[in-house]
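These notes concern the structure reproduced below.
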Amino acid sequence: MNHNYRKGARLEQKARKLLESLGYTVIRSAGSKGPADLIAIGPTHVRLIQVKATGALRPSDITRLREVRGPVLREIWEYYRGTWRTRTVPQTEETSTE
140 MNHNYRKGAR
150 LEQKARKLLE
160 SLGYTVIRSA
170 GSKGPADLIA
180 IGPTHVRLIQ
190 VKATGALRPS
200 DITRLREVRG
210 PVLREIWEYY
220 RGTWRTRTVP
230 QTEETSTE
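The sequence shown runs 140 to 237 under the working numbering.
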């Protein structure tokens, strides 16, 4: 395994433990090229989370999250100097063809 994969996996596990301590059921999408690294299921909502080390965020990561349809929260979590920076990603606006 390369260094970046191991670092990413460690951060995903750290985020997973935090979410589980808050009462979420968490599914990790290991090695996924999909829109989310973690799917956190709570009693009132679902969170799709892309976990990143600081500076590793690509525009395509945001685009993939924005394109997910449905009543979910789309979030980017960046780990920086021992704390999480989080931001919500809005869903892409649907356009009408009428």
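All residues carry an ideal CB built from backbone N, CA and C; glycine is no exception.
Using 8 Å for Cβ pairs, my map puts residue i next to residue j. What's the rounded Cβ distance?
i      : j      : result
Ala175 : Leu187 : 4 Å
Val207 : Glu151 : Not a contact, Cβ separation roughly 18 Å.
Lys146 : Ala192 : 6 Å
Please name the residue, chosen from the options, that lies closest to residue i on a Cα-to-Cα basis.
i      : options                           : result
Lys172 : Ser160, Ile201 and Glu159         : Ile201
Leu125 : Ile180, Val207, Ile215 and Glu206 : One cannot answer for residue 125 here, as it falls past the ends of the chain, which runs 140 to 237.
Leu204 : Arg224, Ile180 and Thr231         : Thr231
Arg213 : Leu158, Thr164 and Arg226         : Arg226
His184 : Gly194, Lys153 and Gly162         : Gly162
If you run the structure through DSSP and keep just helix, strand and coil, what is residue i?
i      : result
Ser235 : Caution applies to Ser235, whose pLDDT of 46 falls short of 50 and renders its modelled position unreliable; the model cannot decide the point.
Ile158 : Correcting the residue type first, residue 158 is Leu in the shown sequence and not Ile. Three-state result, Leu158: helix.
Is the CB-CB distance between residue i and residue j below 8 Å?
i      : j      : result
Leu177 : Arg167 : yes
Val165 : Arg155 : yes
Note to self: So within the region 146-205, which uninterrupted alpha helix (DSSP H) runs reach at least 4 residues, ignoring any that extend past its ends?
What the structure shows: 198-205
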